[in-house]
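What follows is a single structure, written as structure tokens, with notes after it.
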Amino acid sequence: MTEKILLVEDDPMIGEAVVNALADAGKAADWARSGWEATGFLSENKYDAVLLDLGLPGKDGMSVLRELRAKDSETPVVILTARDGLDDRLAGLDAGADDYVVKPFHMSEVLARLRAIERRRQGAQAASRVLTNGTMTLNCETKTVRLHAPEGDKEVALSKREFDLMEALMTRPGAILSRTTLEERLYGDGDMPESNALEFIIHGLRKKLGANAIGNVRGLGWMVHKGRAAGR
Ligand code: CA
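Residue 131 in this note's numbering is what sits at position 110 of the sequence shown, and the numbering runs on without skipping anything.
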């Protein structure tokens, strides 16, 4: 998906350079040349990030930022500020900006900030992910499994390795994952597993989650069953 950026900048030369560089990097950009224009764009669109100059004619960047944060705490904002504008930078961060770039900047700096924002967003998304196969739900944030049963749900805490294994299996319910795939997932960081370490973890998980929670297909690998979708 193309990232959509709002650039707020009254200097035509800087503005044009940034818009062109964003286009070269495969990002779509709207360009607001004043604070009022920025407020208009922000009320009508959702952006992946805002590049915000502070010194703007009429309504300044700080007002735009405060207004945005009053109703939207999520859209990332990178402030574009003058070299001597330390107070501005601090005030901007206090008002809810995520990062800043000092003018004159090289476009690669701006693009690096945008990449960092995108990485943080993806990290946060991954952490709040919830995976379910209908009979149990894995919460990637709390590293717990919720077992769904007629008599009521039960929540079970997992160790790091148990969670890593369940995450691999629950990402693709119904798919058989081989020993190699699972061991790489568990020990990709270089620790050499004992020969039966995987069986040991699976044994522990079955004790916690029930004997049928993880199925074994002899010679091929392990899987979690594709149950009825939750909520249906
Ligand atoms: Ca300016």
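Even glycine gets a Cβ: it sits at the ideal position worked out from N, Cα and C.
Just so it is clear, the structure is predicted and the values come from calculations on it, not from any experiment.
Discussion item. Within the continuous beta strand (DSSP E) that includes L101, where are the two ends?
Written reply: V98 to A103
Worksheet item: At which residue ranges does the region 40-103 contain complete alpha helix (DSSP H) runs of 4 or more residues, listed in the order of the chain?
Response: Counting only runs of 4+ residues, the alpha helix (DSSP H) found wholly inside the region 40-103 occupies 56-65 and 82-92, in chain order.
Worksheet item: Can you find a heavy atom of ligand 1 that lies under 7 Å from the Cβ of G79?
Response: Incorrect: G79 has no Cβ contact closer than 7 Å to ligand 1.
Fill in: Simplified DSSP assignment, three categories, for L28
L28 falls in the strand class under three-state DSSP.
Worksheet entry | D81 beta carbon less than 8 Å from that of E24 | no
Worksheet item: Could you give the distance in angstroms between the alpha-carbon of A196 and the alpha-carbon of V238?
Response: 11 Å
Item to complete: In the DSSP assignment, find the unbroken alpha helix (DSSP H) run with G113 in it and report its ends.
Response: L107 to D115
Fill in: Any non-hydrogen atom of ligand 1 within 7 Å of G76 CB
yes
Worksheet entry | Given G248 as reference, the closest of M191, G173 and K228 once Cα atoms are compared | The candidate whose alpha carbon is nearest that of G248 is M191.
Item to complete: Kindly indicate the opening and closing residues of the alpha helix (DSSP H) around E139.
Response: M128 to A148
Worksheet item: Who pairs with V123 in a beta bridge, going by DSSP?
Response: Beta-bridge pairing links V123 to T102.
Worksheet item: If you drop the 5 nearest sequence neighbours on each side, which residues of the same chain put their C-beta closer than 8 Å to that of G36?
Response: L28, E30, W52 and R54
Discussion item. Just to confirm, is the Cβ distance from H224 to N154 under 8 Å?
Written reply: Taking 8 Å as the Cβ cut-off, H224 and N154 do not qualify as a contacting pair.
Item to complete: For R253, count neighbouring Cβ atoms within 10 angstroms of its own Cβ and tell me buried if that reaches 16, exposed if not.
Response: Because R253 sits at a pLDDT of 35, beneath the cut-off of 50, its placement in the model cannot be relied upon, and the following sentence gives the value as read from the coordinates. It is exposed - the Cβ of R253 has fewer than 16 other Cβ atoms within 10 Å.
Item to complete: Identify, in the order they occur along the chain, each residue of the same chain with its Cβ nearer than 7 Å to the Cβ of L230, setting aside the five sequence neighbours on each side.
Response: M157, V166, L168 and V177
Discussion item. Buried or exposed for R136, going by 16 or more other Cβ atoms inside 10 Å?
Written reply: exposed
Discussion item. Is D109 near ligand 1 - that is, is its Cβ less than 7 Å away from at least one heavy atom of it?
Written reply: Proximity of the beta carbon of D109 to ligand 1 is not indicated: no heavy atom of the ligand is located closer than 7 Å.
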